[in-house]
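Undergrad: Quick mapping for you: the protein sequence lines, in order, are chains A and B.
Residues 1 to 259 (the working numbering) make up the first sequence, in order.
Residues 1 to 259 (the working numbering) make up the second sequence, in order.
Protein chains: 2
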Amino acid sequence: MAGRTGTPGASVTSRVLAVLGAFDATHPALTLSDIARRSGLPLATTHRLVAELVAGRALARAADGRYTIGVRLWEAGLLSPLHTRLREVALPYLQELYTAVRENVHLAVRDGDEALYVEKVTGHRSVPTISRAGGRLPLHATGVGKALLAYAPPEVLAAHLRRPLRRCTAYTITEPGRLARELATVRERGWARTHEEMTLGSCSVAVPVRDATGAVLAAIGVVGHSLGTTPRQLVPALLTAADRIAARLADTPPVADTA
Amino acid sequence: MAGRTGTPGASVTSRVLAVLGAFDATHPALTLSDIARRSGLPLATTHRLVAELVAGRALARAADGRYTIGVRLWEAGLLSPLHTRLREVALPYLQELYTAVRENVHLAVRDGDEALYVEKVTGHRSVPTISRAGGRLPLHATGVGKALLAYAPPEVLAAHLRRPLRRCTAYTITEPGRLARELATVRERGWARTHEEMTLGSCSVAVPVRDATGAVLAAIGVVGHSLGTTPRQLVPALLTAADRIAARLADTPPVADTA
DNA sequence: AGCCGGGCTTCCACTGGGTGGAAACCGGCA
DNA sequence: TGCCGGTTTCCACCCAGTGGAAGCCCGGCT
Numbered sequence: 001m002a003g004r005t006g007t008p009g010a011s012v013t014s015r016v017l018a019v020l021g022a023f024d025a026t027h028p029a030l031t032l033s034d035i036a037r038r039s040g041l042p043l044a045t046t047h048r049l050v051a052e053l054v055a056g057r058a059l060a061r062a063a064d065g066r067y068t069i070g071v072r073l074w075e076a077g078l079l080s081p082l083h084t085r086l087r088e089v090a091l092p093y094l095q096e097l098y099t100a101v102r103e104n105v106h107l108a109v110r111d112g113d114e115a116l117y118v119e120k121v122t123g124h125r126s127v128p129t130i131s132r133a134g135g136r137l138p139l140h141a142t143g144v145g146k147a148l149l150a151y152a153p154p155e156v157l158a159a160h161l162r163r164p165l166r167r168c169t170a171y172t173i174t175e176p177g178r179l180a181r182e183l184a185t186v187r188e189r190g191w192a193r194t195h196e197e198m199t200l201g202s203c204s205v206a207v208p209v210r211d212a213t214g215a216v217l218a219a220i221g222v223v224g225h226s227l228g229t230t231p232r233q234l235v236p237a238l239l240t241a242a243d244r245i246a247a248r249l250a251d252t253p254p255v256a257d258t259a
Numbered sequence: 001m002a003g004r005t006g007t008p009g010a011s012v013t014s015r016v017l018a019v020l021g022a023f024d025a026t027h028p029a030l031t032l033s034d035i036a037r038r039s040g041l042p043l044a045t046t047h048r049l050v051a052e053l054v055a056g057r058a059l060a061r062a063a064d065g066r067y068t069i070g071v072r073l074w075e076a077g078l079l080s081p082l083h084t085r086l087r088e089v090a091l092p093y094l095q096e097l098y099t100a101v102r103e104n105v106h107l108a109v110r111d112g113d114e115a116l117y118v119e120k121v122t123g124h125r126s127v128p129t130i131s132r133a134g135g136r137l138p139l140h141a142t143g144v145g146k147a148l149l150a151y152a153p154p155e156v157l158a159a160h161l162r163r164p165l166r167r168c169t170a171y172t173i174t175e176p177g178r179l180a181r182e183l184a185t186v187r188e189r190g191w192a193r194t195h196e197e198m199t200l201g202s203c204s205v206a207v208p209v210r211d212a213t214g215a216v217l218a219a220i221g222v223v224g225h226s227l228g229t230t231p232r233q234l235v236p237a238l239l240t241a242a243d244r245i246a247a248r249l250a251d252t253p254p255v256a257d258t259a
């Protein structure tokens with residue numbers, strides 16, 4: 001931008017992204033001042049940017065005056081390959097899995113050092129979980145997270161083990177050595193599990209989903225009540241689903257477009 | 001912005017939105033030149049903006065060099081009240097409806113002069129339809145569209161009848177007078193229907209969903225094969241679902257946040 | 001091999017759109 | 001009535017944004 005910039009080097013584009021970044025799962029509706037605070041921008045600047053974004057319907061203003069993500073961004077987001085390709089291909093198999101086990105079924109990818117949940121299939125009869133599509137959870141405390149971390153590039157894994165492992169429950173693995181050993185086991189047997197490591201009362205099983213070249217690009221998992229079916233019994237169904245998803249992904253072009 | 005602008009008056013923010021607007025359902029992956037053409041921006045400008053958006057992960061670059069919507073925008077989109085409120089509240093009832101009728105179930109809102117599909121519940125056993133979550137279809141040729149248009153503000157309705165009604169099939173209603181009469185019928189009996197007006201071989205039934213004040217803010221509908229159950233028989237189930245969604249919406253705060 | 005065309009990337013002189021502190025405004029509350 | 005937090009408007013300053021042009025890369029055709 002130009003003018004009396006307080007932080008030279010910050011482009012208008014980066015400021016627009018900072019405004020969008022002010023919104024997250026726990027803050028889906030913000031006042032103008034909130035946005036300014038959370039994005040670190042001066043109030044006047046925020047005001048102008050937000051007004052333009054509202055005009056372009058990227059943001060919307062709720063009845064109470066607070067701002068939310070607008071229709072345009074919602075539409076744009078649904079065009080992401082995460083949604084149109086990975087989710088679209090996997091969904092039928094996830095639903096099939098759900099009707100077979102009647103427990104929460106998850107599809108997640110690794111994004112940086114977190115598990116990013118792409119889809120969640122659930123119903124009244126399942127244990128409520130804190131995961132949701134678009135949500136993020138730690139890699140070391142979730143089933144899909146362990147499956148993703150176990151097959152992550154060595155440098156990513158090493159970097160993750162160097163960072164402190166946040167404790168979520170009394171059962172969370174916070175010792176790097178123990179996590180490394182567990183991930184080795186995951187690679188050996190081909191599936192991961194958790195016992196109340198993220199949420200007390202819930203345990204999970206997960207397997208990796210590979211692309212045509214064999215690289216792990218996602219994971220699918222089942223989360224249920226600790227006292228339910230022996231987790232191990234769910235593995236075959238998961239492996240079958242993962243295989244089918246991988247096969248369908250292999251013969252689905254990266255981006256199916258009409259052009 | 002500044003410099004030798006070709007189109008004075010266009011702000012950087014509006015250009016960023018133009019870049020995002022270049023993506024749509026039929027163009028989910030674009031080359032740099034495509035984006036420049038479709039957004040009407042000079043190539044060099046597009047190049048710079050896109051690079052910044054990729055750095056901020058609002059866009060992503062596919063293996064073939066084309067650009068797609070990035071993870072950040074996908075995450076942001078899921079925070080829209082359309083998703084977190086309307087869809088979240090309605091989904092269980094839509095699924096219930098689906099298991100009862102085993103035909104495509106839709107949830108849509110009116111956005112300008114189009115029906116914007118917020119959610120679609122389907123399965124193998126349903127007729128394939130061209131609708132999809134995040135997609136747009138004409139108001140006058142779809143079940144949910146007619147339900148939305150019938151209860152739209154008079155000025156919106158009048159404006160819509162003044163515009164030419166695009167013909168989609170031989171059965172599409174393209175005569176304003178006939179559409180107006182049909183919408184009057186919809187208001188009288190409380191539900192809308194279509195007979196192969198959007199797609200040959202498909203017909204639909206839809207009802208409005210009201211908010212606490214009685215204003216119509218969405219519509220739900222069922223689309224099935226022309227030869228299936230008599231559409232009329234589906235009306236009671238739809239009305240029940242719409243009522244329940246309305247009730248749940250009424251006691252769900254506009255934006256549930258943790259703040 | 002050599003040519004060609006389309007797409008991508010980089011460069012840089014010019015300038016008007018962006019900036020943000022400050023002041024006014026608004027509405028709820030004590 | 002006065003206070004307070006959030007919102008909106010104003011405007012003098014000036015540097016970030018602009019985009020034509022030139023060069024690069026790659027793949028297809030001759």
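The beta-carbon is built from N, C-alpha and C at its ideal position, and this holds for glycine as well.
Return the residues of the region 21-45 of chain B that lie within a Cβ-Cβ distance of less than 9 Å from chain A, sorted by chain order.
TA: Flagged, chain order: Gly21, Phe23, Asp24, Ala25, Thr26, His27, Pro28, Ala29, Leu30, Asp34.
Undergrad: If we define contact as Cβ-Cβ less than 8 Å, is glutamate 52/B a contact residue for chain A?
TA: Yes - at least one Cβ of chain A is within 8 Å of the one on glutamate 52/B.
Undergrad: What are the boundary residues of the alpha helix (DSSP H) that includes tyrosine 93/B?
TA: Where tyrosine 93/B is concerned, the enclosing alpha helix (DSSP H) starts and stops at 88-101.
Undergrad: By the 10 Å Cβ neighbour count, where 16 or more other Cβ atoms means buried, how is threonine 258/A classified, buried or exposed?
TA: Low confidence applies here, because threonine 258/A scores a pLDDT of 42, under 50, leaving its location unreliable and the question unanswered by this model.
Undergrad: Taking threonine 68/B as the query, report the chain A residues whose CB atoms sit under 8 Å from its CB, ordered along the chain.
TA: Leu79, Ser80, Pro81, Val255
Undergrad: Can you give me, in chain order, the residues of the region 191-216 of chain B that have a beta carbon less than 8 Å from any beta carbon in chain A?
TA: none
Undergrad: Considering Cα atoms alone, identify which of Pro164/B, Arg232/B, Arg48/B is closest to histidine 195/B.
TA: Arg232/B
Undergrad: Between which two residues does the alpha helix (DSSP H) harbouring proline 236/B extend?
TA: Note, proline 236/B: alpha helix (DSSP H), 235-250.
Undergrad: Okay, do the region 87-101 of chain B and the region 37-50 of chain A touch, 3+ Cβ pairs below 8 Å being the bar?
TA: no
Undergrad: Determine, using beta carbons only, whether alanine 241/A comes closer than 8 Å to chain B.
TA: no
Undergrad: Within 10 Å of its beta-carbon, does leucine 137/A have 16 or more other beta-carbons around it, so buried, or fewer, so exposed?
TA: buried
Undergrad: According to DSSP, simplified to helix, strand and coil, what is histidine 293/B?
TA: For residue 293/B there is no data in the structure shown, the boundaries of chain B being 1 and 259.
Undergrad: Mind checking the region 95-108 of chain A against chain B and listing, in chain order, the residues whose C-beta falls within less than 8 Å of any C-beta there?
TA: Gln95
Undergrad: How big is the Cα-Cα spacing for glutamate 260/A and asparagine 104/B?
TA: Lying before the first or after the last residue shown, residue 260/A is absent from chain A, which here runs from 1 to 259.
Undergrad: Taking buried to mean at least 16 other C-beta atoms within 10 Å of its own C-beta, is serine 33/A buried or exposed?
TA: exposed
Undergrad: With distances taken Cα to Cα, identify the nearest neighbour of isoleucine 245/A among Ile220/A, Ser226/A, Val235/A.
TA: Ile220/A
Undergrad: Which class does leucine 179/B belong to by DSSP, given the choice of helix, strand or coil?
TA: Leucine 179/B: helix per DSSP, three-state reduction.
Undergrad: Could you pull out every residue in the same chain whose Cβ sits closer than 8 Å to the Cβ of histidine 27/B, ignoring the five residues on either side in sequence?
TA: Asp34, Arg38
Undergrad: Buried or exposed for proline 208/B, going by 16 or more other Cβ atoms inside 10 Å?
TA: With 16 or more Cβ atoms within 10 Å of its Cβ, proline 208/B is classed as buried.
Undergrad: Under three-state DSSP, which class holds alanine 36/A?
TA: helix
Undergrad: Is there a Cβ of chain B sitting closer than 8 Å to that of arginine 125/A, yes or no?
TA: no
Undergrad: Spell out whether any CB of chain B is found under 8 Å from the CB atom of alanine 133/A.
TA: yes
Undergrad: Taking Cβ-Cβ distances shorter than 7 Å, what residues in chain B pair up with aspartate 111/A?
TA: The contacting residues are Val71.
Undergrad: For a test of the three-state rule: what should DSSP assign to alanine 259/A, helix, strand or coil?
TA: Caution applies to alanine 259/A, whose pLDDT of 38 falls short of 50 and renders its modelled position unreliable; the value that the coordinates give is listed next. Alanine 259/A falls in the coil class under three-state DSSP.
Undergrad: Where does serine 226/A sit, in a helix, a strand or coil, going by DSSP?
TA: Coil.
Undergrad: Here's the rule I'm using: 16 or more other beta-carbon atoms within 10 Å means buried, otherwise exposed. How should glutamate 197/B be labelled?
TA: It is buried - the Cβ of glutamate 197/B has at least 16 other Cβ atoms within 10 Å.
Undergrad: Could you say which of Leu20/B, Gly190/B, Thr45/B lies nearest to glycine 6/B if we only look at CA atoms?
TA: Thr45/B
Undergrad: Where does the unbroken alpha helix (DSSP H) through alanine 158/A begin, and where does it stop?
TA: 154-162
Undergrad: Under a three-way DSSP split, which group does leucine 143/A fall into?
TA: For the sequence presented, residue 143/A should be read as glycine rather than leucine. Residue state, collapsed to three classes: helix.
Undergrad: Is there a Cβ from chain A that is less than 8 Å from the Cβ of proline 236/B?
TA: Cβ-Cβ to chain A under 8 Å: no for proline 236/B.
Undergrad: For the pair the region 50-68 of chain B and the region 121-129 of chain A, tell me if three or more CB-CB distances fall below 8 Å.
TA: no
Undergrad: With respect to the beta strand (DSSP E) encompassing leucine 116/A, which residues constitute its N-terminal and C-terminal limits?
TA: 114-121
Undergrad: I think alanine 150/B touches leucine 183/B, with their Cβ atoms under 8 Å apart; what is that distance to the nearest whole Å?
TA: 4 Å
Undergrad: Specify, as a first and last residue, the run of the alpha helix (DSSP H) that leucine 59/B falls within.
TA: Leucine 59/B -> not in any alpha helix (DSSP H); beta strand (DSSP E) instead, spanning 59-61.
Undergrad: Near threonine 129/A, which residues of its chain fall below 6 Å by C-beta distance, leaving aside the five closest residues on each side in sequence?
TA: Asn104, Val223
Undergrad: Below 7 Å CB to CB, which residues in the same chain sit around histidine 47/B once its five sequence neighbours on both sides are set aside?
TA: Leu32
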